[in-house]
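The block underneath contains the structure these notes are about, expressed in structure tokens.
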Amino acid sequence: MKKKGHKLMVALVKAKWIIWLPTVLVLWASVAAMGADVTICSQKPDIQSGNFADGVMKMRLKNVCQFTAAKFDTLVGWIRMGSDDIFFSAAGMVLLIGGLYVFVNQATKEQTNGDGPTKEKNMFCPRCRCEYVKWIKKCPGCDTALINELPPQPEAVSNDISYEGLVSLVKEKGGKLKIDMLTTDVGREKKWSFPYQGYGFGWAQIMQGAYNDTPVYLLTTEVGKETKWTFPYQGYGFAWARQMRGNIGGNEVTLTTTKVGMEKKWSFPYQGYGFGWAEKMSGLCGDQLKAKLITTEVGRDQSWSFPYQGYGFGWANKAVLTLTLKTDN
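Numbering of the sequence shown is given in my numbering, commencing with residue 48 and proceeding in unit increments.
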């Protein structure tokens, strides 16, 4: 039975490759927090690509330590660092450390709860719907912030309403149609600056709603950010959805922020927490309708790290989307 905990498996394929104990300890410490299995090999893995069926590239690794069945089932992204390619997949990644190619099998980490062991969840891109290992923060393809759970495809595909029908619906409501919106996914980022300032950024990544059987789906495509600090170490990060795009029953809508809300607070001794959100947004839905989004409820969260970094996250949690005729003032 496989023992719980972290394992470090080192394979010296050629005699010239010698890994001293300090190197092993540093490498083990760098991945211990991930709970990952690690295989070190002396040759760059041979990447063999298959076809692009269903938008998925298959690949596998060769020349990897025989003690580990190291295999990537799905290639989901890569980053070039100098002359080296770093490959990411749902299983893990390959990276170069001190001249050795290291396979980090993140998929082997298990967490235990009351219902038994569960696998570590990966991250997803809401725009191109790709899957990445959890430590990737942005999609390498479209630079969109990743989310914890991939939402289902917008139901507008099967519940479309014609644009003429949408305009008629607005007219039937006296020229103003209101739709309640709820944030279903929150984007988050953290950073810090010397010596101890921490900055947290939160925003509404996905908002969803419906009017009768007509679904509404909004996705943040551009994020606004700002940082401030006060003496001695309080840092405040603010973020908001600068632009959102989506559809109302299959009809495209685009919104841009016109007013940003900001709050800040601090806790003993030096942690600062900033909260930002898009308070008002406006835009168009086709050539006959105007759209306006007003935030009615703000979500907030905070965390901190040693010694004094504080991270605040704020986002528009609930809002009302209003459609009006362009001829209205």
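Backbone N, C-alpha and C fix where the C-beta goes; we use that ideal spot for every residue, glycine too.
Ile194 is a Cβ neighbour of Gln252, given a cutoff of 7 Å. Ranked by how close their Cα comes to the Cα of Val307, the residues Thr231, Trp324 and Met170 have Trp324 in first place. Annotation: Leu193 is outside any beta strand (DSSP E) and is labelled neither H nor E by DSSP. A distance below 6 Å between beta-carbons, with the five flanking residues on each side excluded, links Leu336 to the following residues of its chain, in chain order: Leu370. Between Gly234 and Tyr283, the beta carbon gap of about 18 Å keeps them out of contact (Cβ cut-off 8 Å). Under DSSP, Phe360 forms a beta bridge with Asp348. In this model, Tyr264 and Asp207 are separated by some 12 Å (Cα to Cα). Put simply, the region 258-273 touches the region 289-305. At least three CB pairs are less than 8 Å apart. The beta strand (DSSP E) runs lying completely inside the region 240-328 and spanning 3 residues or more are 244-258, 261-277, 281-295 and 298-314, given in chain order. Separation of the CB atoms of Glu326 and Thr343 is rounded to 10 Å, and the pair is thereby denied contact status at 8 Å. In the three-state DSSP reduction, Lys218 falls in the helix class (H, G or I). The C-beta separation of Tyr358 from Lys237 comes to about 5 Å, placing the pair in contact by the 8 Å criterion. Residue environment for Phe360: buried (at least 16 other C-beta atoms within 10 angstroms of its C-beta). Between Thr304 and Arg289 a beta carbon distance of about 5 Å is seen, short of the 8 Å cut, so the two are scored as contacting. Classified as exposed, Thr277 has fewer than 16 neighbouring CB atoms from the shown chains inside 10 Å of its CB.
The alpha-carbon of Gln255 is positioned some 7 Å away from that of Thr231. If you ignore the 5 residues before and after Ala363, its C-beta comes within less than 6 Å of the C-beta of Ala251, Trp324, Ala325 and Thr342, all in its own chain and listed in chain order.
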